[in-house]
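Residue 965 is where the sequence shown starts when you use our numbering, and the numbers rise one by one after that.
Virtual Cβ for every residue (Gly too), placed ideally from N, Cα, C.
Since the model is a prediction, treat every value here as computed from it, not as a measurement.
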Amino acid sequence: MSISTKVSPSRIAAFDILYRVEAAGAYASNLLVSNRHDDLSREDRALLNELTLGVLRWRGSLDFLIELYSKREISKIDLEVVIALRLGLYQMRYLTRVPAHAAINESVNLMKLHKKLSAASMVNAVLRSAQRDADTSPYNQIKDPVQKLAVETSHPVWLVEKWIERFGVDETRKLALANNRGPRISFRFKSSPATTREWFRTYNIQTNNSVIAPGAEVIKSGGFTPDSMPVREGWIYLQDEASQLVAHLAAEKSAKIALDLCAAPGGKTTLLASLLGNRSTVIACDIHLHRLKAMKEIIDRFGHARIHLVQMDASLDLPFAEPGKFDTVLLDAPCSGLGTLQRNPEIKWRVNQKKIDELSRLQKRLIAHAAAQVRSGGLLIYAVCSTEPEEGEQIIEWFKQQHPEFRDMTGERLTELGISVCFVILFFSTLNNTLRYMKRGLNIPAVTIVDEAGLVIEDEQRRLFRHIVQNGFGADVIFGAGTTGEWNRLSNEQRQRVMKIEVDEVARINAELLNQGVARTVDAWVGVNGKTKAEILSNLDAAIQLKADAAVIAPLAIEDLKEAEIVSFFQREITDLLESSGCDLPVLLYDNADISAHGNVPHIRTRIVKDLSRLPWVRGIKVSAPRRVIGNYTKASLHYKLPGEFAIYIGNAMLIFEIYRPGRGLIGRLREGWRDFLLHDIPPIGVVSGPANVMPREWQKAWRACWSGDEAMTELYRMICSDFERICGFDENGARVKKTIACLKYALKLDGVISDAIVCQGTKALTSDQEKLFAENYTAMKDNLRNRISSLWQTRPF
C-alpha cells in the first residue's frame, strides 16, 4: 500500500520558512523574497506569503488552540509538528477560502513528507477536533482578561499588559489588531516612471500619492507583489513611507556633507543622496560588513558616486579626525522593531522588556556620539521604528536634558515639507491606518438645551454631556451644536457657545474617567454647520482654536452654496483656512441638509463625495441613506483613500439592525453576501444616534451587539430602540406626526437630566396631552424592560 504525501508547493515552502524562522532566528520577509521560490506560480507565491505571515501574526492564538486540543504544552511537541498544526489551524480559522478538509489533509501530508508518520495521526486528531468546534469561540474559557485579550489578538501577555497601562483596553485591542493586518506597500521611482505607470495600467494596479512622504506612492489595489517586474527591473524601489519621510527630514538643502549612522540596508542613504544632489557627499556607516556589501550593490544600481561606505561601531567614539564637521547626521538607531509588526510579525515573539531596556541604553550611547559630529547650526535626525517610549520619547527627553544646545526642529522641518505636524504624530503613534480621529462606535449628536429666549443653558448642557457619556459606558463621540435637529434654529453665536462648552466639558470628563481607571475616553466632534459660507468658516476657525477632535459639516445645508460649488468651496476656502492654521483638523461630512432627516431625503451626489474624499483632511461621512448609497460612497472614496482611511457612519440609526443582522441559513448568507457586495467588504465603523441622548447605554449595547453578530442581543435592542421611536409619534388631524426632538428633551426631563424641555422656536413642541401620553408610554416602556436588561439607562451623578 502506498502512502500519499502530495503537498502543494506553496505549503511546502511556507513550512520551510516557518521552520527556519523558529529554529534559526531568520526573518520571514527576507526569505519570502529570496530566489528559492522563483519556480512558484504567481498564485502559489501569493498563498505562500499569506500562509507564512498569517501564521506568524496569529501564532499566539494558534498555539492556544494547539494546547487546548492536544492537551499538551507547545514546548513538549516537536517543532515540525507544531508548524504543521499552525498551518492547518490558520487555514481553518482565518483563511476561510480553503476548505477545512483540504487544510487538514495538507498538514497531515506534511508530516508524512518529513518522515513524521507517527505524528500524522496526532495532527489529524487535533485538527479534526478544531473542525468540530469551528463555530465556537474557545477563547471565552480564559478567565484572566489580560491573557484573554493577548490570546484573542495574538500578542505576548507582557506587551498587552504594558499597552493597557499606556492606552487602555480598547485602544490596546485596536493597536494589536492593526498589527495583524498586512502593511501598505509603498515605493519611490528609480527610473522609467512612464514605463512603470504603463505596466501598472496593464495589470490594473492602482496607486495613490503618499500623504506622509513627498514623492512616495502607495499601492492602492491590484495584484502587486514584491517580485513584480517594476521591482525586478529596477524601475521602482520598495521603501516604507516612514523610512522615506526620515530621509526627507534629513535632506537639508544647504548640506554639503552628511553622515548616516547605522545605514544598512541603504534605502534612506540612497534617497538622502538623491535629495542632496551631486554637490554633496554622504558617509554611510554600519557595524556589519556583510550588510555594507549588500548595501554597495544597491548604491551601484542607483549610480550614486558620492556615497562612501565605512565599517564601524557607532556606539564607540567615532573615528573622524575633526568632530563637529557634518552638516547633517542621521541616526536610524537599532531598536526593538515593535513598530513594524505588520511587516515583521515574528518580532513580537522575540522581544521582551529586558531587550527594550538594553536597546534604550545602546540608543543613548549612539545619539551621544552622533551629536558630537554635528557642526554648529547643523541638523541631527534620530529615528526608530518602535512604539515604545523607552526607545523614542524618553530618549529624546533625556537627550534634550543632556544637550541643551540642541533645539527641537521637528515641527519646522515637517512644515517645510508641507506635512502637518499633528497628522504625522497621529499617524506614527497609532500605526497602520487606524487614525485616532476615525473613532469606532456610538456617536451621539447632543440636543441643545435652551431657555425660552433660545439661549443655551450652560449648566444643563454640561449635565447632558455627562449623561450621554454614562461614566464611559455610553457615547464614544459627542457631536455638539450644528449636528442636531435644531442647529438651524440657533444663532451662530449660540452654536459657537455650545462648541466651547462641549470641548471643555469633554476634556473634564475624560480627565475624570482616566482618574477613575476607565480606559474608554470620548471624542469631542463639533458641528460647524451654518446657513452661509461665512458662518461655516467662522465656526471652523472656532473649532480649530478650541482644539476639537474633529469638525462635522453638512454641505447641502449651506444656503448660499450651490451644489456645483461645493467641491471648490472645500478645495479653496476651507483648505486655505486649515492650512493657515498649521494643523489638519479632521473633517467629516453629513450627507443631507436636515440633520434629523429620513433616509429618502436628498443627499450628496456620489461624485461630490468622491471629489471631496481626495482632500487629505476629509476623513469620513455620516450617511442617512439606504445601504446602496453607503456602498456607493465607500466605492467613491476608495478612488483616493485606502481602506480604513475614510470612515462611514450610519446616520439612519435603525439601519444598523438591518446591515448587521446575523445571517442564518442560506437566505441569511445570501443577505450577508449582498451586503458585503454593496459595501465593498468595508462595513461602516460607527452609528450616529439622536435617540441615544436618552438611551446612551442601550444604544452602545445595540451597536456592540450588531457588530459582534449576537442575534438574540441584536433583536432585543432593536425592539428597545424601535419602541422608543414608536412612542415619539402622535396622531394629529388624521396624520401620524413624529416629534423626536421634543420627546428626547421631555424624556431627559423625566429622567432628571434637565429641568425643562423647551424646544427652539420652529421645532414641533408637545401639547400638554401629548406630554402626558408620552410620559405614560415612556414609563411603561422602562418598567417593561427592567427585568429584561441589566444597567438600564439612568441619570449618573453630576
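Inset, instruction - Please state if the CB of Gln1095 and the CB of Ile1068 are separated by a distance shorter than 8 Å. - result: Looking up residue 1068 in the sequence shown gives position 104. Looking up residue 1095 in the sequence shown gives position 131. In contact: Ile1068 and Gln1095 (Cβ atoms closer than 8 Å).
Legend entry - Asn1088 versus Tyr1033, Ala1142, Gln1111, Ile1149, residue with shortest Cα-Cα distance: Along the sequence shown, one-based indexing puts residue 1088 at 124. The candidate whose alpha carbon is nearest that of Asn1088 is Tyr1033.
Inset, instruction - Return the chain-ordered list of same chain residues with a C-beta closer than 6 Å to the C-beta of Asn1316, the five sequence neighbours on each side being excluded. - result: As a first step, residue 1316 must be located in the sequence shown, where it is residue number 352. For Asn1316, where only same-chain residues beyond five positions count, there are no Cβ hits under 6 Å.
Inset, instruction - Please report the residue range of the alpha helix (DSSP H) in which Phe1688 lies. - result: Taking the first residue of the sequence shown as position 1, residue 1688 is located at position 724. Note, Phe1688: alpha helix (DSSP H), 1675-1691.
Legend entry - Neighbourhood of Val1582 by C-beta distance below 6 Å, restricted to the same chain and skipping five residues each side: Numbered from its first residue, the sequence shown carries residue 1582 at position 618. Here the set comprises Val1551, Leu1576.
Legend entry - Three-way DSSP call (helix, strand, coil) for Lys1812 in this model: Limits of the chain in this structure are 965 at one end and 1762 at the other, which puts residue 1812 out of reach.
Inset, instruction - Take Gly1418 as the anchor and find which of Leu1323, Met1677, Asn1456 has the nearest alpha-carbon. - result: Position 454 of the sequence shown, counted from the first residue, corresponds to residue 1418. Nearest C-alpha to Gly1418: Asn1456.
Legend entry - Proximity winner among Ile1345, Gln1327, Asn1143, Lys1728, relative to Thr1374 (alpha-carbon distances): Here residue 1374 corresponds to residue number 410 of the sequence shown, with the count starting at 1. The option with the nearest alpha carbon to Thr1374 is Ile1345.
Inset, instruction - Please state if the CB of Leu1225 and the CB of Val1115 are separated by a distance shorter than 8 Å. - result: Residue mapping note: residue 1115 aligns to position 151 of the sequence shown, counting from 1. Residue mapping note: residue 1225 aligns to position 261 of the sequence shown, counting from 1. Taking the C-beta atoms as reference points, Leu1225 is found no nearer than 8 Å to Val1115.
Inset, instruction - Pair every Cβ in the region 1429-1442 with every Cβ in the region 1463-1474, then say whether three or more of these pairs are closer than 8 Å. - result: Segments in contact, yes.
Legend entry - Collapsed DSSP secondary structure at Leu1630 in the structure displayed: Translated into positions along the sequence shown, residue 1630 becomes position 666. Model confidence at Leu1630 stands at a pLDDT of 46, short of 50, so the residue's coordinates are unreliable; what they give is reported in the following sentence. When secondary structure is reduced to three states using DSSP, Leu1630 falls in the helix class.
Inset, instruction - Taking only the alpha-carbon atoms, compute the straight-line gap between Ala1528 and Asp1296 and give it to the nearest angstrom. - result: Residue numbering aside, residue 1528 sits at position 564 when the sequence shown is read from its first letter. Residue numbering aside, residue 1296 sits at position 332 when the sequence shown is read from its first letter. If you take the alpha carbons of Ala1528 and Asp1296, they lie about 48 Å apart.
Inset, instruction - Thinking Arg1536 and Phe1621 are a contact (beta carbons under 8 Å), I'd like their distance in whole angstroms, please. - result: Your numbering for residue 1536 matches position 572 in the sequence shown. Your numbering for residue 1621 matches position 657 in the sequence shown. No, Arg1536 and Phe1621 are not in contact; Cβ-Cβ is about 41 Å, not under 8 Å.
Legend entry - Terminal residues of the beta strand (DSSP E) in which Asp1224 lies: For the purposes of this step, residue 1224 is identified with residue 260 of the sequence shown, where counting begins at 1. For Asp1224, the enclosing beta strand (DSSP E) covers residues 1221-1225.
Inset, instruction - Measure the Cβ-Cβ separation of Ala1248 and Ala1439 and say whether it is below 8 Å. - result: Counting from one through the sequence shown, the residue named residue 1248 turns up at place 284. Counting from one through the sequence shown, the residue named residue 1439 turns up at place 475. Contact flag unset, no.
Inset, instruction - Give a yes or no on contact between the region 1200-1211 and the region 1167-1179, applying the rule of three or more CB pairs nearer than 8 Å. - result: As far as the Cβ criterion goes, the region 1200-1211 touches the region 1167-1179, which means the pair count is three or higher.
Inset, instruction - Scan the region 1031-1093 and note each continuous alpha helix (DSSP H) run of 4 residues or more that stays entirely inside, going in chain order. - result: Taking only runs of at least 4 residues, the alpha helix (DSSP H) segments lying wholly in the region 1031-1093 are 1043-1058, 1064-1077.
Inset, instruction - Could you check if Leu956 is buried or exposed, using at least 16 other CB atoms within 10 Å of its CB as the buried criterion? - result: There is no way to answer for residue 956, as the model of the chain reaches only from 965 to 1762.
Legend entry - Arg1583: first and last residue of the uninterrupted beta strand (DSSP E) it sits in: In the sequence shown, the residue the question calls residue 1583 occupies position 619. That run of the beta strand (DSSP E) goes 1582-1587.
Inset, instruction - Using only alpha-carbon positions, find the residue among Leu1501, Leu1525, Asp1524, Glu1523 that is nearest to Ala1515. - result: What you label residue 1515 is simply residue 551 of the sequence shown in a count that begins at 1. The shortest Cα separation from Ala1515 among Leu1501, Leu1525, Asp1524, Glu1523 belongs to Leu1501.
Inset, instruction - Label Met1056 either buried or exposed according to how many other C-beta atoms from any shown protein chain fall within 10 Å of its C-beta, with 16 as the threshold for buried. - result: Here residue 1056 refers to the residue found at position 92 when the sequence shown is read from its first residue. Flag for Met1056 reads buried.
Legend entry - Beta bridge counterpart(s) of Lys1702 as assigned by DSSP: Numbered from 1 along the sequence shown, position 738 holds the residue referred to as residue 1702. Answer is Gly1693.
Inset, instruction - Along the beta strand (DSSP E) that carries Gly1342, what are the first and last residues, could you check? - result: Taking the sequence shown and counting its residues from 1, one reaches residue 1342 at position 378. Under the DSSP assignment, Gly1342 falls in the beta strand (DSSP E) whose first and last residues are 1338-1347.
Inset, instruction - Compute the Euclidean distance between the alpha carbons of Gly1698 and Gly1726, then round it to the nearest angstrom. - result: To locate residue 1698, count along the sequence shown from 1; it is residue 734. To locate residue 1726, count along the sequence shown from 1; it is residue 762. Here the alpha carbon of Gly1698 sits roughly 22 Å from the alpha carbon of Gly1726.
Inset, instruction - Could you name the residues of the same chain whose beta carbon sits closer than 8 Å to that of Thr1189, not counting the 5 residues immediately before and after it, in chain order? - result: Your numbering for residue 1189 matches position 225 in the sequence shown. Contacts found: Arg1006, Arg1009, Ala1010, Asn1013.
Inset, instruction - Evaluate the contact criterion for the region 1017-1034 versus the region 1108-1123: three or more CB pairs, one atom per stretch, below 8 Å. - result: With a cut-off of 8 Å, the region 1108-1123 and the region 1017-1034 count as touching, because enough Cβ pairs lie within range.
Inset, instruction - Could you check how far apart the C-beta atoms of Thr1159 and Trp1122 are, in whole angstroms? I think they sit under 8 Å. - result: In the sequence shown, the residue the question calls residue 1159 occupies position 195. In the sequence shown, the residue the question calls residue 1122 occupies position 158. No, Thr1159 and Trp1122 are not in contact; Cβ-Cβ is about 49 Å, not under 8 Å.
Inset, instruction - Could you please give the first and the last residue of the uninterrupted alpha helix (DSSP H) stretch that includes Ile1271? - result: To locate residue 1271, count along the sequence shown from 1; it is residue 307. Looking at the DSSP string, Ile1271 is not in any alpha helix (DSSP H); the run it does join, the beta strand (DSSP E), is 1271-1275.
Legend entry - Assigned exposure category for Gln1369 - 16 Cβ within 10 Å defines buried: Here residue 1369 refers to the residue found at position 405 when the sequence shown is read from its first residue. Checking the sequence shown, residue 1369 turns out to be Glu, not Gln. Classification of Glu1369: exposed, given that the 10 Å Cβ count is below 16.
Legend entry - Where Pro1550 falls: helix, strand or coil (DSSP): In the sequence shown, residue 1550 corresponds to position 586, counting from 1. Coil at Pro1550, not helix or strand.
Inset, instruction - Leaving aside the five residues before and after Phe1533 along the sequence, list all residues of the same chain whose C-beta is less than 7 Å from its C-beta, in chain order. - result: Numbered from 1 along the sequence shown, position 569 holds the residue referred to as residue 1533. So the list reads Lys1497, Leu1525, once near-sequence residues are dropped.
Inset, instruction - Pick out the complete beta strand (DSSP E) segments inside the region 1440-1516, 3 residues or longer, and give them in chain order. - result: Restricting attention to beta strand (DSSP E) runs no shorter than 3 residues, the region 1440-1516 encloses them at 1441-1443, 1487-1491, ordered along the chain.
Legend entry - Enclosing beta strand (DSSP E) for Tyr1201 [first to last residue]: As a working note, residue 1201 is residue 237 in the sequence shown. 1200-1202 is the extent of the beta strand (DSSP E) around Tyr1201.
Inset, instruction - Assign Lys1040 to buried or exposed, taking buried as 16 or more other Cβ atoms, counted over all protein chains shown, within 10 Å of its Cβ. - result: Counting from 1 along the sequence shown, the entry for residue 1040 is found at position 76. So Lys1040 ends up on the exposed side.
Inset, instruction - Mark Arg1371 as exposed unless 16 or more other C-beta atoms lie within 10 angstroms of its C-beta, in which case mark it buried. - result: Taking the first residue of the sequence shown as position 1, residue 1371 is located at position 407. Answer is exposed; the Cβ neighbour count stays below 16.
Inset, instruction - Starting from Trp1621, trace the alpha helix (DSSP H) both ways and give me its first and last residue. - result: What you label residue 1621 is simply residue 657 of the sequence shown in a count that begins at 1. Trp is not the amino acid found at residue 1621; the sequence shown has Phe there. Here the alpha helix (DSSP H) through Phe1621 covers 1620-1623.
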